[in-house]
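Since the structure comes first, as structure tokens, the remarks are kept for the end.
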Amino acid sequence: MAKLTKKQKEAHAKVDHNQAYSLKDASALVKEITNVNFDASIDIAVKLGVDPRKANQMVRGVVTLPHGTGKDVKVLALVTPDKEAEAKEAGADFVGLDEYLQKIKEGWTDVDVIITMPSVMGKLGPLGRILGPRGLMPNPKTGTVTMDVAKAVTEVKAGKIDFKVDKTGIIHAAIGKASFDADKIVDNAHEIIQTLVKMKPTAAKGTYIKSIYLSSTMSPSVGVDPKSV
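The numbering used here puts the first residue of the sequence shown at 1, with every later residue one more than the last.
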């Protein structure tokens, strides 16, 4: 195991790993223990009482964070010529179709979100092996396959994110930056947690929200009391 630096030791010393903090206190603490020379991302990890191997217990959805993620999200709009102008006006960073499909075939994936139209999905199918592992394949369930391209681009730029439970039953999501006020981190965390609560599968039995942790880039995690959310 790698040795902790002096700053990392100081950060760990400030966290009581046997305590579940209120969401407000955890948000303030994760800001306090972030000691890096860049604006670190604040992440949330929510352990759910579901079995992701069963289709009726899969948890996947989207949420619009009230204060955004703090990240400049790069959006590629793969659209037909008649939709290019509205995609550009909505703020898409890259707009086009065949030329970008070719670039992706050649390995280019320097974007965060791809938004497209139902009529274009057929052309994207062969690129699944490139886009799938990177989480870039558009999906109607997350609103990234739509005829209302402008709305989709605007929402993503404003802080709309998608999430999916992993094979261990955990939802991971970036919910802000260390430069955010603690209250904004609280608001964003509350929004995603409440969204998850509303999505509880009927097949899930027992405790649904098992644990919640906040952390920032290279910081220790801070436990959150689910009852405080």
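Here a beta-carbon is modelled for each residue, glycine too, at the ideal position from N, C-alpha and C. Predicted model, so just to flag it, every value in this text is computed and none were measured.
Which stretch, first to last residue, makes up the beta strand (DSSP E) that contains residue i?
i	result
Asp162	Lys160 to Lys164
Thr116	Val113 to Thr116
His172	Ile170 to Lys177
Assuming residue i and residue j make a contact with CB atoms under 8 Å, what is their CB distance in whole Å?
i	j	result
Ala92	Ala178	In fact, because the Cβ distance is near 28 Å, the residues do not count as touching under 8 Å.
Asn56	Pro201	6 Å
Of the residues the options, which one's Cα is nearest the Cα of residue i?
i	options	result
Tyr208	Gly223, Lys47 and Leu214	Lys47
Ser221	Thr5, Asn18 and Lys6	Asn18
Met117	Asp25, Val145, Ile171 and Ser215	Val145
Ala28	Tyr100, Val229, Leu214 and Pro226	Leu214
Leu150	His190, Glu89, Lys227 and Ala173	Reading off the sequence shown, one finds Ala at residue 150, where the question assumed Leu. When each option's Cα is compared against that of Ala150, the closest is Glu89.
Lys141	Pro66, Asn56, Val62 and Ala45	Val62
Tyr100	Leu124, Asp82, Ala85 and Glu86	Leu124
Met218	Ser22, Ala152, Asp25 and Lys31	Lys31
Ala173	Gly122, Thr5, Gly135 and Lys227	Gly135
Beta carbon of residue i, beta carbon of residue j: below 9 Å?
i	j	result
Phe94	Lys71	no
Gly49	Gly206	yes
Asp166	Pro52	yes
Lys160	Leu65	yes
Ile192	Ile170	no
Go to residue i, then tell me how far its alpha helix (DSSP H) extends in each direction, as first and last residue.
i	result
Ile130	Gly128 to Leu131
Ile104	Asp98 to Lys105
Gly122	Met121 to Leu124
For residue i, would you say it is in contact with chain D, using Cβ-to-Cβ distances shorter than 9 Å as the test?
i	result
Val156	Considering every chain present, this structure includes no chain D. It has just one protein chain.
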